[in-house]
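Going by this note's numbering, the sequence shown opens with residue 1, and the numbers climb by one from there.
We put the beta carbon where it would ideally sit given N, CA and C, even for glycine.
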Amino acid sequence: MKTTSLLCCLSITINLFGQLPAERPLYPNGIENNPITHPYEEMYVDSFVYPNSLTGLNRVYSYVSEPTYMIFPANKENNKDIALVIFPGGGLRNIWLDKEGTDIALWLSEQGITCMVVKYRTNRRNNGGKFEIDMDDYKPAVDQDARTSMVIMKNLADSMDFEKNKIGMMGFSAGGWLAERLVYKSYNETKEWNPDFIAIVYHGSREKRIKKVKDPENLPPFFIAISRNDHKLGVGRVMPYLSRVALDVPQSELHVYRDGGHGFGLAYDETSSVSSWKNSFLSWVDSLYK
């Protein structure tokens, strides 16, 4: 897979690349009649690196037609026997691989959770702001990426020492949209890709989505984290949905933080209230399996 950096990488960043797990193709044999193709090679830009970033990277990928994943094994000394598949955000046209992926995975794996970070296929927009790949083609393709990720993770359970019935998903922004789609499509069916829990971070839907669910007790538990000043998400618009999920789906939690905005990722600023979201998530996951 060819990757082109649009900006010069500092030597320290190059060294950090060597510390990250290798990217593996989600489809080792390729994708027959792949509906997601782009006029340019996959590329990334180096965005601002936040102080205290665990990777020292903040790559934003675009033109992804060949999805990949990275595996972050749990710390053996405190392995919780739990696994998590992470879908970064980026508005479906980009993948914020580090801020909403590798940084999260590094932190959680150190806490004892085996993590997979997925770089799923992306769309692209024209000058008018419209998606150039028809969403009727894009949605099934990216749904397939999500399902395949979960199946791969489940197949790794024995070799990586976690339980097959303790595999969840976490999605940030558009990644939350993807994770949520997988849940609602097959929660009432026995599918090998169904997650045992789900975390959505700065994402939400219309209340009608949960209203259509006749048996919300069959949905996996939700952990939800947003900030009050997330003007991009529009907290007032999604709160009816999020609060109803938290009330109707057993063992679910909704965390609304005072600050943080949109795209806080791991929330590196420890003086911000939203910085506690990751610890709250960890406590919530622990409580599911006590």
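About 10 Å separates the Cβ atoms of ARG124 and SER65, ruling out a contact at the 8 Å cut-off. In this structure, GLY90 is the residue among GLY90, GLY260 and PHE172 with its C-alpha nearest to the C-alpha of VAL45.
Membership of THR148 in any beta strand (DSSP E) is not indicated; the residue belongs instead to the alpha helix (DSSP H) covering 135 to 155. If you look at VAL85, you'll find it in the beta strand (DSSP E) that goes 82 to 87. Its Cα nearest to that of ASN34, the residue ILE133 stands out among ARG24, GLU253 and ILE133. In the assembly as shown, ASP286 is an exposed residue. Its beta-carbon has fewer than 16 other beta-carbons within 10 Å. Taking every protein chain shown into account, the CB of ASN155 has fewer than 16 other CB atoms within 10 angstroms, so this residue is exposed. In this structure, ALA141 is the residue among VAL117, TRP284 and ALA141 with its C-alpha nearest to the C-alpha of ILE31. Rounded to whole angstroms, the gap between the alpha carbons of TYR138 and ALA174 is 13 Å. Beyond the five residues adjoining it in sequence on each side, PHE172 comes within less than 6 Å, by CB distance, of PRO88, GLY89, GLU100 and VAL201 in the same chain, given in chain order. At the C-beta level, TYR257 and TYR50 stay beyond 9 Å of one another. The criterion of a C-beta distance shorter than 9 Å is satisfied by HIS255 and SER280. Beta-bridge partners of ASP46 (DSSP): ARG59. When the alpha-carbon of GLY129 is set against those of TRP107, ARG93, ARG228 and ASN52, the nearest one is in ARG93. Taking 9 Å as the cut-off, the beta carbon of LEU26 is found no closer than this to the beta carbon of ASP196. In the three-state reduction of the DSSP assignment, LYS278 falls in the helix class. Within the model, the alpha-carbon separation for ARG24 versus PRO67 is close to 9 Å.
At least 9 Å separates the beta-carbon of ILE36 from that of VAL60. The beta carbon of ASN79 sits closer than 7 Å to those of GLY112 and ASP161, all from its chain and outside the five residues before and after it, given in chain order.
DSSP places VAL183 in the uninterrupted alpha helix (DSSP H) bounded by 174 to 186. Residue environment for SER159: exposed (fewer than 16 other C-beta atoms within 10 angstroms of its C-beta).
With fewer than 16 other Cβ atoms inside 10 Å of its own Cβ, TYR40 counts as exposed. Taking each of ILE104, ARG244, SER276 and LEU57 in turn and checking the Cα distance to PRO73, the smallest one comes out for ILE104.
With the rule of 3 Cβ pairs closer than 8 Å, the segment 209 to 218 does not count as touching the segment 231 to 239.
A buried status is given to PHE223, since no fewer than 16 other beta-carbon atoms sit within 10 Å of its beta-carbon. Within 10 angstroms of the beta-carbon of ASN126 lie fewer than 16 other beta-carbons, which makes it exposed. Under the DSSP assignment, TRP107 falls in the alpha helix (DSSP H) whose first and last residues are 103 to 110. Taking ARG206 as reference, the option from LYS191, GLN19, LYS185 and SER243 with the minimal CA-CA separation is SER243. Contact check for TYR69 and VAL118: beta-carbon distance about 5 Å, within the 8 Å limit, so the pair qualifies. HIS262 and ASN165 have their C-alpha atoms roughly 32 Å apart. Within the same chain, TYR268 come within 6 Å of ASN52 by CB-CB distance, once the 5 residues on both sides are set aside.
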